[in-house]
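Single-structure report; data block below.
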Amino acid sequence: MAKTERTYLDWNATAPLLPAAREAVVSALDMVGNPSSVHGEGRALRMLVEAARRDVAALVNAAPAHVIFTSGATEAANLALTPNYRMGRTPLAIGHLYASEIEHPAIREGGRFVRADVTTIPVTRTGLVDLEALETLLNDHDKAKGLPMVAVMLANNETGIVQPVKAVAEIIRRHGGLLVVDAVQAVGRVPVDIEALDADFLILSSHKLGGPKGAGALVSRGEVLMPAALIRGGGQEKGHRSGTENPAALAGFAAAARSAAADLPERNARIAGLRDGLETGMRLATNDVIIHGADVERVANTCFFSLPGLKSETGQIAFDLEGIALSAGSACSSGKVGQSHVLTAMGFDAALGGLRVSLGAGSTQADVDRFLAAFSRVVSRRRAA
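Going by my numbering, the sequence shown opens with residue 153, and the numbers climb by one from there.
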């Protein structure tokens with residue numbers, strides 16, 4: 153039996169490792185020493201880590217000193233989401249966390265806040281955070297308990313919908329709160345500037361950019377306001393995140409960051425053309441396909457769709473058998489496929505399944521054509537069932 157040709161359309165779950173990132177990782181692995189050591193070998197690795205810090209900072213217009221390296225976005229989220237902060241040397245209490253209903257599980261779990269101190273912010277039917285609801289929640293916030301913290305992602309990992317973060321920030325500033333922005337799915341797809349967004353913290357991930365897994369960052373606007381350390385020990389990362397740094401992963405992260413910042417408008421235009429053609433082909437194949445977020449701003453690479461009567465797990469298996477790797481949403485639930493919490497938050501029936509196609513710099517028209525051929529076969533089988 154002939155082997156089925158595979159087509160990878162799950163770049164939002166993880167991007168294929170870039171050749172430049174692979175080269176940077178291998179080169180760093182050949183270096184001996186510990187970046188905290190004071191001898192020549194250690195200093196060479198320290199230079200590599202600090203060069204990576206500069207590259208990651210440049211990706212989001214931050215100061216290199218404001219980048220805290222972590223093992224990934226989940227750790228960065230757990231570092232940022234805590235009721236315990238310091239303003240310089242003075243303890244600063246955060247009384248409550250408000251997180252949008254469409255956040256990634258790493259945010260929705262609330263980090264180090266107890267469940268009673270976490271409130272969800274609803275979203276509209278179009279998938280945008282409800283600004284009026286946020287205003288009401290912050291008006292009712294108990295200031296005696298501490299400052300409010302708000303977590304709103306820049307681009308949703310399932311729908312690709314770009315959230316009105318700047319408008320969210322304006323509301324938060326009126327209430328003296330903090331803003332944490334999950335920018336994992338946004339960097340390399342839209343311009344991301346921590347100053348322009350008026351965010352206090354950004355969360356980043358290496359492997360979403362084509363870097364290695366196991367590296368991420370929490371980026372702050374300054375060094376005065378900082379969360380209590382999540383991992384304590386030797387005091388690396390200026391005491392914010394102890395543990396020996398992983399120079400190889402950080403070198404790969406830096407290479408991916410440099411690539412993500414290059415030729416963004418041209419890359420986006422090409423990928424958007426592929427995505428739009430894919431969606432046109434889906435609509436020609438069946439008139440009942442639902443493309444979520446098509447009427448609002450999305451990142452160029454993402455298409456999240458539903459076919460009434462087709463469950464997420466059934467659809468994902470069907471496309472996988474056709475040689476198409478796509479997703480039913482977040483890839484961070486240990487292989488579980490269930491109802492999309494994003495669709496539920498948007499007001500869709502719990503029985504409606506969703507499937508996500510996500511493209512990247514290496515995607516081609518041939519990939520789109522193979523997907524559409526498979527899509528037509530899946531639609532035909534659904535009708536015959």
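Glycine is no exception: its CB is placed at the ideal position from the N, C-alpha and C atoms. Only a predicted model underlies this, so the values are computations on that prediction, with no experimental measurement involved.
- Distance from residue 312 to residue 456 at the Cβ level is roughly 7 Å; contact confirmed, criterion being Cβ atoms closer than 8 Å.
- By DSSP's assignment, residue 301 forms a beta bridge with 249 and 330.
- Around the beta carbon of residue 390, fewer than 16 other beta carbons lie within 10 angstroms, which makes this residue exposed.
- If you draw a straight line from the Cα of residue 533 to the Cα of residue 477, it comes to about 19 Å.
- By the C-beta density criterion, residue 436 is exposed, having fewer than 16 other C-beta atoms within 10 angstroms.
- Excluding residues up to 5 positions away in sequence, 434 and 437 lie with their Cβ nearer than 7 Å to the Cβ of residue 527 in the same chain.
- At the C-beta level, residue 247 and residue 290 stay beyond 8 Å of one another.
- Note on geometry: alpha-carbon atoms of residue 493 and residue 479 lie some 14 Å from one another.
- Cβ contact annotation for residue 377 (same chain, cutoff 6 Å, sequence separation greater than five): 239, in chain order.
- Comparing alpha-carbon positions, the option among 277, 172 and 249 lying closest to residue 266 turns out to be 249.
- In the structure shown, the three-state DSSP call for residue 183 is coil.
- For the options 349, 325, 301 and 341, the alpha carbon positioned closest to that of residue 318 is the one of 349.
- The secondary-structure analysis by DSSP pairs residue 456 across a beta bridge with 444 and 508.
- Assigned with DSSP and collapsed to three states, residue 214 falls in coil, not helix or strand.
- Just measuring C-alpha positions, the residue of 510, 518, 519 and 521 sitting nearest residue 310 is 510.
- About 27 Å separates the beta carbon of residue 234 from that of residue 206, a gap too long to meet the 8 Å contact definition.
- Taking a 10 Å sphere around the C-beta of residue 355, we find 16 or more other C-beta atoms and assign the residue as buried.
- Rounded to whole angstroms, the gap between the alpha carbons of residue 507 and residue 464 is 6 Å.
- Inclusion of residue 497 and residue 170 in the CB contact set at 8 Å is not warranted, their separation being larger than that value.
- Distances from the alpha-carbon of residue 283 to those of 308, 320 and 258 put 320 closest.
- Judged by their CB atoms, residue 505 and residue 467 are nearer to each other than the 8 Å cut-off.
- The beta carbon of residue 351 is closer than 6 Å to those of 331 and 333 in its chain, skipping five residues each way along the sequence.
- Taking 8 Å as the cut-off, the beta carbon of residue 451 is found no closer than this to the beta carbon of residue 335.
- Contact between residue 251 and residue 272 holds: their C-beta atoms lie close to 6 Å from each other, under 8 Å.
- A straight line joining the alpha-carbon of residue 274 with that of residue 237 spans about 26 Å.
- With respect to residue 345, residue 212 sits close: the two C-beta atoms are nearer than 8 Å.
- Boundaries cannot be given for residue 313, as no beta strand (DSSP E) includes it and DSSP labels it neither H nor E.
- Spatial neighbours of residue 373 in its own chain (CB-CB distance under 8 Å, excluding positions within 5 residues in sequence) are listed in chain order as 214, 218, 346, 347, 351, 352 and 353.
- Taking each of 462, 405, 361 and 440 in turn and checking the Cα distance to residue 221, the smallest one comes out for 405.
- Secondary structure at residue 498: coil, using DSSP grouped into helix, strand and coil.
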